[in-house]
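Here's what the structure looks like:
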């Protein structure tokens, strides 16, 4: 079996390979290699209670091990195997693919969580800036035509939203009430612009979700 390249907090995958029972256990951020074999492992047949030594006493052998260094120590993945008779067989490649698929699913979940957290941070920053600088002219949800002349900014996509604000800075837009908006636009960098845009989009999403719930 190939070495697994990453650690994930996933439930036990116990199966049989030919005449051998196989299980995966792991330990995260363990600080000392000298104590890992006597430390209770998570997952599989270990169940946060059994160490490598305990597993060996029960007839398990270490079929594979992967160690990844971390800032706080190292992550360990152990593949244990126990020879048994009269067990149904399973294709080894299929078992390995199942383990790797679970690790990949966990990775995707972590990426999605990080993206959601980043979205929330941008929305919070955008809310503060919008309420301080923009709400008086553009309305609570960006729905107003500022000074009765501009487009509602909550209908713009990110590209148009960015170009509209940048237009005040580079002189592309200097008509009508541009002199009112220009001082605010000058203070906004690309990050500020995106944060405000994300905040306005979050308001639209809340409104849409609320409408769907009331149907």
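Numbering (the working numbering), first residue to last: 14 to 228. Built from N, CA and C at the ideal position, the CB exists for glycine as well. This structure is a prediction, so every number in the text was calculated from the model and none was measured.
Task: One or two residues paired with residue 174 in a DSSP bridge - done: Answer by DSSP bridge pairing: none, since residue 174 is not bridged.
Open item on the list: Using the Cβ count rule (16 or more neighbours within 10 Å means buried), how would you classify residue 21?
Closed with: A caution first: residue 21 carries a pLDDT of 40, below 50, which makes its placement in the model too unreliable to give a value.
Open item on the list: Determine whether the beta carbon atoms of residue 91 and residue 54 lie at a separation below 8 angstroms.
Closed with: yes
- [ ] Go ahead and label residue 220 buried or exposed: buried means 16 or more other beta carbons lie within 10 angstroms of its beta carbon, across all protein chains shown.
- [x] exposed
Open item on the list: Please give the ranges of any alpha helix (DSSP H) in the segment 87-165, keeping only runs that are unbroken, at least 4 residues long and fully inside the region.
Closed with: 105-146 and 148-151
Open item on the list: Just verifying my parser: in three-state terms, what is the DSSP assignment at residue 62?
Closed with: coil
TODO: Please classify residue 63: is it buried, with 16 or more other beta-carbons within 10 angstroms of its beta-carbon, or exposed?
DONE: buried
Open item on the list: Within 10 Å of its beta-carbon, does residue 83 have 16 or more other beta-carbons around it, so buried, or fewer, so exposed?
Closed with: exposed
- [ ] Kindly identify the DSSP beta-bridge partner or partners of residue 81.
- [x] 88
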